[in-house]
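Working notes for the structure below.
2 protein chains.
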Amino acid sequence: MKIAIVGAGAMGSRFGYMLHKAGNDVVLVDGWPQHVENINQQGLIVDDNGVETVAKIPAMFPEDCHEVPELIILFTKSMGLKKMLQDIQPMLGQNTKVLCLLNGLGHSETLKEYVPAENILMGVTLWTAGLQGPGHVVLSGDGNIEIQNVDPKSQAAAKEVCDVLTQAGLKAQYSENVIFSIWRKACVNGTLNSSCAILDCNIKEFGELSEAGSLIRKIIQEFAAISKTDGVILDVEEVAQGIEAIYDPDQAGAHYPSMHQDLVQNHRLTEIDYINGYVARKGQELGIATPYNQLLTTLVHAKEELLIK
Amino acid sequence: MKIAIVGAGAMGSRFGYMLHKAGNDVVLVDGWPQHVENINQQGLIVDDNGVETVAKIPAMFPEDCHEVPELIILFTKSMGLKKMLQDIQPMLGQNTKVLCLLNGLGHSETLKEYVPAENILMGVTLWTAGLQGPGHVVLSGDGNIEIQNVDPKSQAAAKEVCDVLTQAGLKAQYSENVIFSIWRKACVNGTLNSSCAILDCNIKEFGELSEAGSLIRKIIQEFAAISKTDGVILDVEEVAQGIEAIYDPDQAGAHYPSMHQDLVQNHRLTEIDYINGYVARKGQELGIATPYNQLLTTLVHAKEELLIK
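Note that the protein sequences, when read in sequence, are chains A and B.
Quick note, the first sequence lines up with residues 0 to 308 if you use numbering that gives the first Met the number 0.
Quick note, the second sequence lines up with residues 0 to 308 if you use numbering that gives the first Met the number 0.
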């Protein structure tokens, strides 16, 4: 399949590499000059669970893409999605399916401004990846993907994309309710990412706080009040216990969530507006109280202003 | 007048020194061994606006005080008040007036467990002071005090204490509504102290944040909802503008609030439970929503757990 990975950071590089290895015609699209240049000059260097290999995959800037692929997989940062969709207009053919695997909430609304609903596939993935530097991706661990079409008549297309991903080892499953899984994952990010970023701690340390249990439940309650208006019923206790299961250092406990990495370690803007900020914004629009998510969003924005000069 | 300063840290040392200089019979009562020892061996060293002087004032531990003074001035940390009142039982004579000048809310409730209402005087002060080390206090700047009796029939006693303090240069005024001033000062601490501690910034930096204005107003609104049940009507906008006036670096702007000093700089427990935590607790008791104060309290407690080993 002719596939463009749009937003080819760590996760995009993983997906591009695995799909390329499985015989697909892949192009990596990204706006980071050094990354694109390194990939084109020396290939994408992949540390594939300890084994180093080089993949000859073409890379290019968004504004240079004029070929129309069958599938676009979006892996931009949330705040870069809108601009990226504007930049890749020429790639969006009449039949080009667009699979959105970004973290966070509200992306299908943005996508619908640029892509017809029948071409939009929403997904959520538990794969991870890291960038060692420009052009150098590190893969470890296991993952999976859930995918669903936005328009009911595009089910066949969604299932075909699942097959292509699964043949590449990416374990994609067709989901009857991907929006539930997206909300559920957003709860994990909305509790651990923002809290660990504000408190400057890792997941294990957060889990050991005496008020961790009540704090995550209050945050999730507000997520649940908003998700309900989106047709998604979240069981607060079930979600909370799912989060508590990853405090274990043998799970993700020793890990600093991505928002901590962005904000505290690298002084970069965070995705807060697409996680807690989305819940706060919807709460205000709908007249539903979401004070915890409001204050967490305010505090993360405040830290961004203080740390990013 | 025979006066015991109970809790003789920076502020207690200032008051003790000024009252002693004015001819009162003062004793400093404190639980910090090195501080008490230094004061007794070499006197209290006072840097009085740049002029160093030594004051021969006796100092002792709470459990060693058996003489009954006419006036006790309380300057403990909020969380040490209850224990201190238990320790100084022998000092509380039938006519001993107890003036509480602690920061924060809820102290009159604690006092009433140990002191008859007619002996309790509540106050609020804008004086400041710093400790250079044990037995060494630094005084600068100007200040004043407001004082009021809790029991209506003790007005004369309150006014007499005002006179004694004013004769010592401490500018005390009798107040018809000291509880209003206590709440108003608590709003300053409840916005700037907790926010600067969590965000690790000074007052000027906090004031420059784009969401500072809306954040302090949301916090003050919750203070006002609780103060109203205490008979105190706070004008949210007036209080907010009073706080905004001190963002100026020529005012307190370059200053890190005491909670930042305690938590971030010295890894000590904070007075959060007597500021935002008091509002949150009363809100829960009374069924009044105080989510901002709840979450701020939770986050400061979390930082305490993370930083204090």
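Positions of the beta carbon are idealized from the N, C-alpha and C atoms, including for glycine.
### Message
Cβ closer than 7 Å: which chain A residues qualify as neighbours of GLU304(B)?
### Response
For this step, residue 304(B) is matched to residue 305 along the second sequence. Within chain A, the residues near GLU304(B) are LEU208, SER209.
### the region 293-305 of chain B contacting the region 207-218 of chain A, beta-carbon criterion three pairs below 8 Å
yes
#### Entry: Close-in-space but distant-in-sequence residues of the same chain around ASN48(B) (CB under 7 Å, 5 per side omitted)
To locate residue 48(B), count along the second sequence from 1; it is residue 49. Cβ within range, chain order: LEU138, SER139.
### Query
Within the 8 Å Cβ cut-off, does TYR291(A) reach chain B?
Position 292 of the first sequence holds residue 291(A). Yes, because at least one Cβ of chain B sits closer than 8 Å to the Cβ of TYR291(A).
### Message
With a threshold of 8 Å between beta-carbons, can HIS300(B) be considered close to chain C, or not?
### Response
Of the protein chains in the structure, A and B, none is chain C.
### Task
Could you tell me whether the Cβ atoms of MET0(B) and VAL26(B) are closer together than 8 Å?
Working through the second sequence from its first residue, we reach residue 0(B) at position 1. Working through the second sequence from its first residue, we reach residue 26(B) at position 27. Contact flag unset, no.
### Message
Could you check whether the Cβ of CYS195(B) sits closer than 8 Å to any Cβ belonging to chain A?
### Response
Taking the first residue of the second sequence as 1, we reach residue 195(B) at position 196. Any Cβ of chain A closer than 8 Å to the Cβ of CYS195(B) would place that residue at the interface, and such an atom is absent.
### Query
For HIS300(A), which of helix, strand or coil comes out of DSSP?
If you number the first sequence from 1, residue 300(A) lands on position 301. Of the three classes helix, strand and coil, the one that applies to HIS300(A) here is helix, per DSSP.
### Query
Which one or two residues does DSSP pair with VAL149(A) in a beta bridge?
For the purposes of this step, residue 149(A) is taken as residue 150 along the first sequence, with counting starting at 1. Note: VAL149(A) sits in no beta bridge, so no partner.
### Query
What are the partner residues of ILE44(A), as DSSP defines its beta bridges?
On the first sequence, residue 44(A) is found 45 positions in, with the first residue counted as 1. Answer is VAL53(A), HIS135(A).
### Message
On a Cα-Cα basis, can you pick out the residue from CYS195(B), VAL97(B), HIS266(B) that is closest to PHE74(B)?
### Response
Start at 1 with the first residue of the second sequence, and residue 74(B) comes out as number 75. Cα-wise, what sits closest to PHE74(B) is VAL97(B).
### Query
Starting from GLN172(A) and walking both ways along the beta strand (DSSP E), at which residues does that stretch end?
In the first sequence, residue 172(A) corresponds to position 173, counting from 1. GLN172(A) -> beta strand (DSSP E) spans 171-173.
### Query
So is LEU294(A) in contact with chain B if we call contact Cβ pairs under 8 Å?
On the first sequence, position 295 is the one that residue 294(A) refers to. Closer than 8 Å: yes.
### Query
On the premise that LYS217(A) lies in contact with TYR291(A), defined as a C-beta separation below 8 Å, what is that separation, rounded to the nearest angstrom?
Locating residue 291(A) in the first sequence gives position 292, where the first residue counts as 1. Locating residue 217(A) in the first sequence gives position 218, where the first residue counts as 1. Correct: roughly 5 Å between the Cβ atoms.
### Query
Do you know offhand how far CYS186(B)'s Cα is from GLN172(B)'s?
Numbered from its first residue, the second sequence carries residue 186(B) at position 187. Numbered from its first residue, the second sequence carries residue 172(B) at position 173. Each residue's Cα considered, the two are about 21 Å apart.
### Task
Would you please state the rounded distance, in angstroms, between the beta carbons of GLY92(A) and VAL67(A)? I believe it to be under 8 Å.
The residue you call residue 92(A) lines up with position 93 of the first sequence. The residue you call residue 67(A) lines up with position 68 of the first sequence. Indeed, because the Cβ distance is near 4 Å, the residues count as touching under 8 Å.
#### Entry: Those runs of the beta strand (DSSP E) which lie wholly inside the region 82-127 of chain A and span at least 3 residues
96-99, 119-124
### Query
To which residues of the same chain is VAL263(A) closer than 7 Å at the C-beta, ignoring the five residues directly before and after it?
Mapped onto the first sequence, residue 263(A) falls at position 264. The residues are ALA196, ASP199.
### Task
Return the chain-ordered ranges of every beta strand (DSSP E) run that is complete within the region 245-306 of chain B and spans a minimum of 3 residues.
none
### Query
the region 258-269 of chain A: which residues have C-beta closer than 7 Å to a C-beta of chain B, in chain order?
none
### Query
In this structure, does DSSP put ASP24(B) in helix, strand or coil?
The residue labelled residue 24(B) in the question sits at position 25 within the second sequence. ASP24(B) falls in the strand class under three-state DSSP.
### Task
Could you have a look at LEU198(A) and say whether DSSP puts it in helix, strand or coil?
As a working note, residue 198(A) is residue 199 in the first sequence. Looking at LEU198(A) - three-state DSSP - the assignment turns out to be helix.
### Task
Could you spell out where the alpha helix (DSSP H) holding ILE242(B) opens and where it closes?
Within the second sequence, residue 242(B) is the residue found at index 243, counting from 1. Segment 235-243, the alpha helix (DSSP H) holding ILE242(B).
### Query
Got a sec, what are the start and stop residues for the beta strand (DSSP E) ALA3(A) sits in?
Counting from 1 along the first sequence, the entry for residue 3(A) is found at position 4. Start and end: 1-5.
### Task
In angstroms with no decimal places, state the Cα-to-Cα distance between VAL149(B) and GLN283(B).
Numbered from 1 along the second sequence, position 150 holds the residue referred to as residue 149(B). Numbered from 1 along the second sequence, position 284 holds the residue referred to as residue 283(B). Their backbone Cα atoms lie some 26 Å apart in a straight line.
### Query
CYS64(A) touches chain B at which residues, Cβ-Cβ below 9 Å?
For the purposes of this step, residue 64(A) is taken as the residue at position 65 of the first sequence. Those do not exist, as CYS64(A) stays about 36 Å from chain B at its closest Cβ, beyond 9 Å.
### Message
Would you say the beta carbon of ASN118(B) is closer than 7 Å to some non-hydrogen atom of the ligand FAD?
### Response
The ligand FAD is absent from the structure shown, which contains no ligands of any kind.
### Query
If you follow the alpha helix (DSSP H) that LEU214(A) is part of, which residue opens it and which one closes it?
As a working note, residue 214(A) is residue 215 in the first sequence. It spans 211-228 - the alpha helix (DSSP H) in which LEU214(A) sits, taken as one unbroken run.
#### Entry: ARG178(B) - containing alpha helix (DSSP H), residue span
In the second sequence, counting from the first residue as 1, residue 178(B) sits at position 179. Note that residue 178(B) corresponds to Ile in the displayed sequence, not to Arg. 177-187 is the extent of the alpha helix (DSSP H) around ILE178(B).
### Query
Comparing alpha-carbon positions, which option in HIS135(B), MET121(B), PRO133(B), ASP24(B) lies nearest SER180(B)?
Here residue 180(B) is taken as the residue at index 181 of the second sequence, counted from 1. The shortest C-alpha separation from SER180(B) is found at MET121(B).
### Query
Thinking just about the alpha-carbon of each residue, which of MET17(B), SER257(B), ASP141(B), GLY241(B) is nearest to the one in ILE72(B)?
Position 73 of the second sequence holds residue 72(B). The shortest C-alpha separation from ILE72(B) is found at MET17(B).
### CA nearest to the CA of GLN147(A), picked from GLU117(A), GLN88(A), GLY168(A)
Along the first sequence, read from residue 1 onward, the residue named residue 147(A) stands at position 148. Among GLU117(A), GLN88(A), GLY168(A), the Cα nearest to that of GLN147(A) belongs to GLU117(A).
### Query
By a C-beta neighbour count over all protein chains shown, 10 Å radius and 16 as the cutoff for buried, is VAL177(A) buried or exposed?
Against the first sequence, residue 177(A) aligns to sequence position 178. Its Cβ being crowded by 16 or more others within 10 Å, VAL177(A) is buried.
### Message
For VAL278(A), count the other beta carbons within 10 Å of its own beta carbon; 16 or more makes it buried, fewer makes it exposed. Which is it?
### Response
If you number the first sequence from 1, residue 278(A) lands on position 279. Buried is the call here.
### Message
According to DSSP, ALA58(B) sits in a beta bridge with which residue or residues?
### Response
Position 59 of the second sequence holds residue 58(B). Bridge partners of ALA58(B): LEU27(B).
### Query
In terms of residues, what are the limits of the beta strand (DSSP E) holding LEU164(A)?
Numbered from 1 along the first sequence, position 165 holds the residue referred to as residue 164(A). No beta strand (DSSP E) holds LEU164(A); the alpha helix (DSSP H) holding it covers 154-166.
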